[in-house]
Each structure stands twice: as C-alpha cells, then as structure tokens.
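*Asks:*
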Amino acid sequence: MTKLTAESRRHLRTQAIKSFLRRFLGHNGAWLGLLALAFFLVLAAMPGALVGPLQTAITATGDFLIPPSTQHLLGTDEIGRDVLNLIVHGARTSLTIALVSTVISLIVGITVGMTSGYYGGRIDAWLMRTTDFFFVIPSFVLALVITPVVLEVIGRGGDILGFRPSLFVIILVIGSTSWAFVARIVRSQTLSLRERQFVERARVVGTNDLNIMVHHLLPLLVPQVAANGALVVANAIYTETALSFLGLGDPLQPSWGTLLSLAERAGAASSGAWWYFGAPGLCVLIVSLGFVLVGNALDDTFNPRRRAIP
Amino acid sequence: MRFKYTSSCAVGRRAVVKAMVFGSVAPWVMNSAALASSCGDRIVRVGAKLAPASLNPFATWSSFWPTAFTYDFLVGVDAQRHPDRRGFAKAWSVADDKVTWTFKIWPGMKWSDGRPATAGDAAFTYNYLRDSIGTPNELNVGWNNTTGLENVASIAAIDQETLQIVTKVPTRWPTDNVIMIVPEHIWKDVSHAAARSTFRNGAPLIGTGPMIVSEFQQGQFVRLTPNQYFRTGQPATAGVILSLLNTADSLVQGLKSGNLDYVASVTAAQWADLSKDPNVAVGQSRIEQRNFLAFNTASGRGEGSTKALQDPAFRDAIGYAIDLQTIVDRGFRGHADAGVGLVMPAAEDYFSDLSDIRRRFDLKEAARRLDAAGYRDANGDGVREDKEGKRFQLELITGTDSGTQEMPIAVVQLIAGWLGQIAIPVSVTQLDSGALGSRLTAPENGGGKWDLAVGGNWLSPAPHDILVLGKRGDRNNRSYWSNEQFEQLLSQVDVTVDLRKSRELVDRAVRLIYTEAPYIMLCYPLKLHAHRKDCIQGWGTEDAVSSWGYFPFDRLKAV
Numbered sequence: 008m009t010k011l012t013a014e015s016r017r018h019l020r021t022q023a024i025k026s027f028l029r030r031f032l033g034h035n036g037a038w039l040g041l042l043a044l045a046f047f048l049v050l051a052a053m054p055g056a057l058v059g060p061l062q063t064a065i066t067a068t069g070d071f072l073i074p075p076s077t078q079h080l081l082g083t084d085e086i087g088r089d090v091l092n093l094i095v096h097g098a099r100t101s102l103t104i105a106l107v108s109t110v111i112s113l114i115v116g117i118t119v120g121m122t123s124g125y126y127g128g129r130i131d132a133w134l135m136r137t138t139d140f141f142f143v144i145p146s147f148v149l150a151l152v153i154t155p156v157v158l159e160v161i162g163r164g165g166d167i168l169g170f171r172p173s174l175f176v177i178i179l180v181i182g183s184t185s186w187a188f189v190a191r192i193v194r195s196q197t198l199s200l201r202e203r204q205f206v207e208r209a210r211v212v213g214t215n216d217l218n219i220m221v222h223h224l225l226p227l228l229v230p231q232v233a234a235n236g237a238l239v240v241a242n243a244i245y246t247e248t249a250l251s252f253l254g255l256g257d258p259l260q261p262s263w264g265t266l267l268s269l270a271e272r273a274g275a276a277s278s279g280a281w282w283y284f285g286a287p288g289l290c291v292l293i294v295s296l297g298f299v300l301v302g303n304a305l306d307d308t309f310n311p312r313r314r315a316i317p
Numbered sequence: 427m428r429f430k431y432t433s434s435c436a437v438g439r440r441a442v443v444k445a446m447v448f449g450s451v452a453p454w455v456m457n458s459a460a461l462a463s464s465c466g467d468r469i470v471r472v473g474a475k476l477a478p479a480s481l482n483p484f485a486t487w488s489s490f491w492p493t494a495f496t497y498d499f500l501v502g503v504d505a506q507r508h509p510d511r512r513g514f515a516k517a518w519s520v521a522d523d524k525v526t527w528t529f530k531i532w533p534g535m536k537w538s539d540g541r542p543a544t545a546g547d548a549a550f551t552y553n554y555l556r557d558s559i560g561t562p563n564e565l566n567v568g569w570n571n572t573t574g575l576e577n578v579a580s581i582a583a584i585d586q587e588t589l590q591i592v593t594k595v596p597t598r599w600p601t602d603n604v605i606m607i608v609p610e611h612i613w614k615d616v617s618h619a620a621a622r623s624t625f626r627n628g629a630p631l632i633g634t635g636p637m638i639v640s641e642f643q644q645g646q647f648v649r650l651t652p653n654q655y656f657r658t659g660q661p662a663t664a665g666v667i668l669s670l671l672n673t674a675d676s677l678v679q680g681l682k683s684g685n686l687d688y689v690a691s692v693t694a695a696q697w698a699d700l701s702k703d704p705n706v707a708v709g710q711s712r713i714e715q716r717n718f719l720a721f722n723t724a725s726g727r728g729e730g731s732t733k734a735l736q737d738p739a740f741r742d743a744i745g746y747a748i749d750l751q752t753i754v755d756r757g758f759r760g761h762a763d764a765g766v767g768l769v770m771p772a773a774e775d776y777f778s779d780l781s782d783i784r785r786r787f788d789l790k791e792a793a794r795r796l797d798a799a800g801y802r803d804a805n806g807d808g809v810r811e812d813k814e815g816k817r818f819q820l821e822l823i824t825g826t827d828s829g830t831q832e833m834p835i836a837v838v839q840l841i842a843g844w845l846g847q848i849a850i851p852v853s854v855t856q857l858d859s860g861a862l863g864s865r866l867t868a869p870e871n872g873g874g875k876w877d878l879a880v881g882g883n884w885l886s887p888a889p890h891d892i893l894v895l896g897k898r899g900d901r902n903n904r905s906y907w908s909n910e911q912f913e914q915l916l917s918q919v920d921v922t923v924d925l926r927k928s929r930e931l932v933d934r935a936v937r938l939i940y941t942e943a944p945y946i947m948l949c950y951p952l953k954l955h956a957h958r959k960d961c962i963q964g965w966g967t968e969d970a971v972s973s974w975g976y977f978p979f980d981r982l983k984a985v
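Listed in order, the protein sequences are those of chains W and L. The first sequence finishes on residue 317 if you use the numbering used here, and the numbering steps up by one all the way, no holes. The second sequence finishes on residue 985 if you use the numbering used here, and the numbering steps up by one all the way, no holes.
1) Report the three-state DSSP secondary structure of residue 71/W (helix, strand or coil).
2) Does the distance from the C-beta atom of residue 503/L to that of residue 578/L stay below 8 Å?
3) Restricting to runs no shorter than 3 residues, where is the beta strand (DSSP E) found entirely within the stretch 752-776 of chain L?
4) Looking only at its own chain, which residues have a Cβ that is under 7 Å from the Cβ of residue 654/L, when we skip the five neighbours before and after it?
5) Residue 247/W touches chain L at which residues, Cβ-Cβ below 9 Å?
6) Whole angstroms is fine: what's the gap from residue 904/L's alpha carbon to residue 826/L's?
7) Identify which residue in 289/W, 274/W, 302/W and 305/W has its Cα closest to the Cα of residue 84/W.
8) Three Cβ pairs or more, each shorter than 8 Å: is that satisfied between the stretch 88-97 of chain W and the stretch 54-71 of chain W?
9) Relative to the C-alpha of residue 718/L, which candidate in 948/L, 486/L, 976/L and 969/L has its C-alpha closest?
10) Could you tell me the distance, in whole angstroms, from the CA atom of residue 203/W to the CA atom of residue 222/W?
11) Compare the C-beta of residue 744/L with all C-beta atoms of chain W and state if any pair is closer than 8 Å.
12) Measuring CB to CB, does residue 187/W end up less than 8 Å from residue 141/W?
13) DSSP three-state call for residue 623/L: helix, strand or coil?
14) Should the stretch 765-776 of chain L be regarded as contacting the stretch 709-716 of chain L, the criterion being three or more beta carbon pairs within less than 8 Å?
15) State the start and end residues of the unbroken beta strand (DSSP E) segment that holds residue 818/L.
16) Please look up how many angstroms separate the CB atoms of residue 743/L and residue 668/L, rounded, as I've assumed it's under 8 Å.
17) Considering only residues of the stretch 456-518 of chain L, which uninterrupted alpha helix (DSSP H) runs meet the minimum length of 4 residues and lie entirely inside it, listed in chain order?
18) Nearest CA to the CA of residue 183/W: which residue from 271/W, 215/W and 242/W?
19) For residue 272/W, return the contacting residues in chain L, with the cut-off set at a CB-CB distance below 7 Å.
20) Can you tell me which of the three DSSP states residue 716/L falls into?
21) Going by other Cβ atoms of all chains shown within 10 Å of its Cβ, with 16 needed for buried, is residue 822/L buried or exposed?
22) Count the other C-beta atoms from every protein chain shown that fall within 10 angstroms of the C-beta of residue 478/L, then say buried if there are 16 or more, exposed otherwise.
23) Determine whether the Cβ of residue 521/L lies closer than 8 Å to any Cβ atom of chain W.
24) Whole angstroms are fine: how far does the CA of residue 886/L sit from the CA of residue 532/L?
25) In terms of alpha-carbon separation, which member of 54/W, 189/W, 139/W and 290/W lies closest to residue 110/W?
26) In the DSSP assignment, the beta strand (DSSP E) including residue 565/L goes from what residue to what residue?
27) Please list the partners that residue 485/L has in chain W, where partner means a Cβ-to-Cβ separation under 9 Å.
28) Mark residue 463/L as exposed unless 16 or more other C-beta atoms lie within 10 angstroms of its C-beta, in which case mark it buried.
29) Can you give the Cα-Cα distance for residue 838/L and residue 258/W, rounded to whole angstroms?
30) Measure from the C-beta of residue 757/L to each C-beta in chain W and report whether the shortest distance is under 8 Å.
31) Leaving aside the five residues before and after residue 739/L along the sequence, list all residues of the same chain whose C-beta is less than 6 Å from its C-beta, in chain order.
32) Look up residue 153/W in the DSSP assignment and say whether it is helix, strand or coil.
33) Could you give the distance in angstroms between the alpha-carbon of residue 102/W and the alpha-carbon of residue 51/W?
34) Measuring CB atoms only, is the stretch 783-795 of chain L touching the stretch 741-756 of chain L, in the sense that at least three cross pairs come out at less than 8 Å?
35) Considering only C-alpha positions, which residue in the set 741/L, 917/L and 884/L is nearest to residue 397/L?
36) From residue 265/W to residue 287/W, what distance separates their C-alpha atoms?
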C-alpha cells in the first residue's frame, strides 16, 4: 500500500516536471535566454582553457588599441591586453557577483517576507518598515555609499570565503540592497497561503511554525521566487557594472563593468576604439537579456492568468 | 466622421515621428554649417575637465582656471621663465642684504573697471593674508593662502609704482609665490571669515589679467571677456568660453566637431588618434607633476600592516622591483619621463639624473636584498614574512589626486604584478580623490593605516615645493617620513636666495631621500593637449596654453 503511494507520488512528480518543462520550453524566449546563459556559464567556468591565463599589464604583448584582427579577435586595450581574454575572464567575475548576490538577496528576502507574512502583527509591522527603508532608498545610491565605507573598514588584503575583499563587498552590498521587493512578493503570497486549510491541518497535528514554513509554504513560493530571482540577477549585473564603472571595483580582477570604466577613462569612444567598450557592453546586455527572458518565460509558465488559452 | 477623426490622428502621429527623426538628425546635418559660423565670432572655445566651485581664490583650490586669466600674480612662475609674460610687476630686484625686495608695478595700469591698479593693491592683498595669520579665520584653505608669509617682515607700497617686501630671512618667496593680486576697493569690505568660506566673489570679476570672468555657470561654462584696460592693449579676440566638461570623450568630440578650439589634457589614445587629424595640432609639454609610490613609514598611530615599511632596507629593495621604463612605455605610452628623484625635469635648475646612485630594475636583485634584510619566505608557502614572522599582505591605495593628471590603472597593475613576483602580495583599493585625500592625511588627523599609495602631486617648481614631500608634518608629505638632516637642509633651502647654493642644498636633500626611499618616484607625466588650427592662431609652441598663467589668451588672434 505504502509502496504503491510512494510510486504514484514519484510518478506524479515526474509528470509535473515534464509538463512544466514542456510548457517552459514552448516559449522561444526561454530557449534564447537559456542558450545565452549556457554560453556565458561555459566561458565563466573555464576561462583559462579557452583563452589562456589572464593577461595583465606585465604579460600584455599586443600593441595599443589595435582593431580586431585574426591575432586579437576583439582587438586590444590601451595597454596592449587582448580584449577577448579580458572579456572571458571578466565573465567569471561578473557572473559570480551576479549569482552570489542574487542568492543572498533571495535568502534574505524569503526569510524576511515569510516571517513577516506568517506571524503578522508586530513582527510584520517592524519587518515591513525595515523593508520600506530599503525600498525608498535607491539601492544603487545606497551601494555607492556603503561600498567605500565597508572597503575602508575591512580594507586589508587576504581573501574572504575565496573572494578578494573588494569583490566580496560588492557582492554583499548588491545582495543586501536588492532583497526588498522579493520580501514584499513573498509576504503577500504567504499572507494568502497561511489561511489555507492544509496549514490549519498541519498546525492541528502539532507541526511547529518553522516546519510549516519550510515544508508547507516554501514549495508553493518557489514559482514566484524563481521568476523574480531571474530579474534580480539582471539587476545585480547592472549594479555591479555601474559600481565598477565608477571605479569602485577591483582593478586587478577585470569584470565587464571595470572594462567599461577603463575604456571610458582611456577615451576609447572618442578615439574610435569601438571594440573596447562595445564588447563588454554587449556582454552585459546579452546576459541581462538572457535572465530577463528566462524570468518572463518562468512567469508565463507558472502564472495561470498569463497562460495563453489554446 | 469617425473615420476622419482616426485618419487625422494617424497623420498627426506620423508628423510627430517625422519631426522627432529630423530633430535628432538636424545637429549632424547642421554641424558643418555651425563649424564655419563658430570661426567668425572670434571667440576662443576652451574645454577642460574642471569643476570650479566658486570664484573666490581665498576659499578654493579648484578655480585656478578661470581666475588665473583675470587676476595676475606679482611675479610667479611664467614671468621668471618668459620675459614677455610678466604679471602685476614689470620688474623686480633684491638688495645686497638678500631680504629687501623692490618691485616696480606697471605704470598707469588699470583694473578692468577703469580704476588705477597700484602697488597699494598688491600690498593690500599680501597684508590681507598676513593679518589673518594666527586668527581663527586664517586664510589657509585656498589658492591664495598664508604659506610663506610667516617669513615676511613687512610689505609696503613706497609709492603708486613701487612695492617693497622685506623678509625676515633670505628667501625666494617674494618672486616665487603665486598669490593672485585682488583689487583693494572690492576686498577691503570682505571680512576674513567671509573670504574663507561664504563670499562667492560673483561674476563679473574685476582684475588686471587679459580675460575677465563675466559669467559663471557652475558645472557648465565660464564666459570671459577681453579686458579693455589690459597693460599691453586689449586682446584681439572677442573673448573666451571655458566649457566645464566631465569626460575625456566629450572634450575630444568637441574638438573634432569644431565646437572647441583647445582642450587641456587628452588621453594617450585620443592623442594618437587626433595626431592624424589635419585640422588639429597636438602637443605634449613637461609639467611639474610627479607620480610616486609612497610607503607608509609612520610608526605608532596610523602605521601600516607591517613594521617592514619603516625599514629603509625593505623600501630600497622594493625600489629594485619596479621597472620605471615599462611604466612609462605601457602605462603612459611613452608620454612621460621615467622617475628619478624628487626633482621633476620641468624644474630645469634643480634636476639631476642621480646616475651614480640610481636603482636598476632587477627582480633577482630585489629578492636578494629582501633576503639579506631578513624578509625571507621561511615557511615556504610562497609568501615572504616580516621580522615578526607575519605574512606580507600589503594594501595599496590609489586614485587621482585632485588637480593632477589622471593616474593610469596600468601603473598599479604593473606594481602589484612585480611585487607579487618577489613574493609580496598586494591588494589594491581604488578611491576617488576625496577619499584618497582623507586617507593620505597625517595620522594625527585620522589618516594612515594603509601600506602603499600610488598618487601624484603638481606643485610649483620652487625648491621648497620640490622638497616638501619629505617635510615633517606637511600635508604633501604622503609617506609621513621625517629625517633630522633633511629638515635642516630644507630649512637652509628656505633661506637661500643664491641659485648655486640652493641647487647644491637641493641636490644633497634629494640624494638623502632617494637612499632612504620613503618614495619611489615612478614618472613625471607629460601634459597632452590639442588645439584646432582653423579658427584661432597664436598658441604657444612648446606648450599651447601655459599651466602657470594667462598665456596665450592675451595674444590669440582669429585666423
């Protein structure tokens, strides 16, 4: 009897995943987005194997700002480094920052939103006022203020959890400034879910609050969180680019934002070196677009109201 | 009826779109026409990456341009180098006692409002500053400041055309100072407290220079009109518009399109690109900027992460790990002189190449010296340890100091790379000029706690300013280094008028600080500039526009 239920449950789950994938991949945007992301993930995973070790000012061999050629597919920068090499190595930095900070912001957002929605009352009020604070302050400006301060406080070298301190700070800052809207969405969803009968039932049989939240509510929140998480990533890439563009990035570890900043400082646009700022700019565009496409497709798949009626 | 309504609506929308398209294209189409017309009005258009905050030279360092075109120095740097670029004084001499200076002011000179400009105005300006010394409102926060006036015994106008300055000790300050002479009839009613902060000195200004600031829109532009009472005759052009821009790109785009006639400081990449343009002349000229690597030599408060920074042998060894020529070639594309000592090549009277004691780039030699000095990698983890057994992990801070040419980030990459190769890891923090300034201030004022700093400064070529990097407690001393012998030499230089003696003292001080190595001088960058040839002529040959005065705005002409 139990064996049978278990089997049918597994069957149901496979069915559900299959139908989800079928619907998800039915969107052309999803395919495009996934392809773009897979491409850049491969770049980020093995930059060394693809273009060799990161070129620095010491190991640079090329001439200054030469246009794309067979030797340098994307030309060189103002100190003679190969732009393709920098882009591929920059992919790792940019994507790491984007993904890790998104994870941070999702964790914070879900925790705050679910606690606030589930308990309600005073806890709700306090948590939501905190959220409001992060809402009204433009996250980019907040990041702009926090980054130098934190860098000054923990400025010393070494690495924190495998990141250079300045990278770590950027991750932390983006993560901690972009969770507010996730928290709001999760809270509103939790508010409606906690009134459902299965929550009542779980409570009656003596399940504690934490278990209810983790085992009963969280799975139902996944669709919303996944769809919005993709948008958070796109946002994080933009913020990282902007912060690095303003010179708050790590100059020894190129990210796409740092490259754009270097190109601007070298006056690449006015000296006709389109490849220098065009290449990292296009990468930022493609990756953010990829995440947005995937996010939209997820939203369409999960949200019954947006599903097209055949 | 309904059909008609929709169709008219559609036409309206189409018209709007058309108008938008034409609107966005029009500037491109009109560009060539605008170009021709901008030549006709005889106005010189200058672009610079500047952000002057006020026109009050007592309250800000940031408004050298444009106030330097309106106010004169008594003598200053340019007047001593070029006989045709005199300032407020026409001639000057020092008596045999080496402390009594006599300045002859131009006879019949007038302020731009027609009032006579006399020795009394110069005496007023200096005494205005001197009277503030020791008061809570001491005027020491802007371009016109009290530095050097403590050595002055008296400043007096003997008659309308003669100014006499008597100093307490022999010093070249009376001719070397770059204080802007302001009109007494305006400033006598301004209190020191106001001059230090709130008084904005609004346009139009009243000065004796060739171009008078007549309109100032902060963050946008400064309009200057020719001074009809200028001592050598009213300038031939119809005025100057100084565009205050933010990025190197917009400067060069302006030059290429003909909207600007001159741009100060372009990047090496732009310079190479502009040199191919037949309408544009590019130039490079030596300036007084020095770019350096400073070690935090403070002990106790504000000290760095390791005591090694206080050890001359350690600093000397690092000096062998830095390839100055590569910094010039890669970081500046050759547009710089490689670093030697404190003296920059622009200060020709004092420059020496120190060839007998210079360090040569040699990573093996650097490693050998570090080993010899006791900084070995004892535990074999690939990173050296200091004498307390702590792993090296140096924090390098960098940025572009305000008022200096941009510091290329490649310089920092190179230094971090080389130090990594001799097993001293370096982490880099980039800061904006404000944050950099506050971290580099003296430990007593809350600065310090960094290890290495890559920065630059641009001071005058006077011997005091050359040596000020090593002066105890000075705001320009970025390494917090101090040395008794150096202090003595510097105080002797301050009271020496004779050039030969002064040169000898400077050389001794420079050699001392070179061997002690609180700084590694990286390079002396050149100023890269460009100007159009089609509208305005009369630019300078070695430097199209002087960095130290009004030249050539008194003599530019329309083509």
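C-beta atoms are modelled at their ideal positions from N, C-alpha and C, and glycine is treated no differently. Quick caveat: nothing in here was measured; it's all calculated off a predicted structure.
*Replies:* So, to answer that:
1) Of the three classes helix, strand and coil, the one that applies to residue 71/W here is coil, per DSSP.
2) Not closer than 8 Å, so no.
3) List check, beta strand (DSSP E) in window: 762-764.
4) Within the same chain, residue 654/L has close Cβ partners 660.
5) Those do not exist, as residue 247/W stays about 15 Å from chain L at its closest Cβ, beyond 9 Å.
6) C-alpha separation (whole angstroms): 14 Å.
7) Nearest C-alpha to residue 84/W: 274/W.
8) Contact holds between the stretch 88-97 of chain W and the stretch 54-71 of chain W, because three or more Cβ pairs, one in each stretch, are under 8 Å apart.
9) Between residue 718/L and the set 948/L, 486/L, 976/L and 969/L, the nearest pair of CA atoms involves 948/L.
10) In a straight line, the C-alpha of residue 203/W is about 14 Å away from that of residue 222/W.
11) Taking CB atoms only, residue 744/L has no neighbour in chain W less than 8 Å away.
12) Contact: yes.
13) Residue state, collapsed to three classes: coil.
14) Touching, yes.
15) That residue, residue 818/L, is in no beta strand (DSSP E); it is neither H nor E in DSSP.
16) So it is not a contact: roughly 47 Å between Cβ atoms.
17) Correct list: 490-496 and 502-507.
18) The shortest Cα separation from residue 183/W among 271/W, 215/W and 242/W belongs to 242/W.
19) Identification of chain L residues near residue 272/W by a Cβ-Cβ cut-off of 7 Å yields 832, ordered along the chain.
20) Residue state, collapsed to three classes: strand.
21) By the C-beta density criterion, residue 822/L is buried, having at least 16 other C-beta atoms within 10 angstroms.
22) When all chains shown are included, residue 478/L counts as buried.
23) No, no contact with chain W.
24) Spanning the two alpha carbons is a distance of roughly 25 Å.
25) Here the closest residue by C-alpha is 189/W.
26) Counting along the chain, residue 565/L falls outside any beta strand (DSSP E), and DSSP gives it neither H nor E.
27) Near residue 485/L there are no residues of chain W at all, since even the closest Cβ is about 26 Å away, more than 9 Å.
28) For residue 463/L, the predicted structure reports a pLDDT of 44, less than 50, and the residue's modelled location is therefore unreliable. A value from the coordinates is still provided. The residue in question, residue 463/L, is exposed, as its Cβ has fewer than 16 Cβ neighbours within 10 Å.
29) Counting only the Cα atoms, residue 258/W lies some 8 Å from residue 838/L.
30) By this cut-off, residue 757/L is an interface position.
31) Hits under 6 Å: 799.
32) Three-state result, residue 153/W: helix.
33) Computed Cα separation, rounded: 7 Å.
34) Here the stretch 783-795 of chain L makes contact with the stretch 741-756 of chain L; the two share three or more CB pairs at distances below 8 Å.
35) In this structure chain L extends from 427 to 985, so residue 397/L is not present and cannot be described.
36) Approximately 9 Å between the Cα atoms of the pair.
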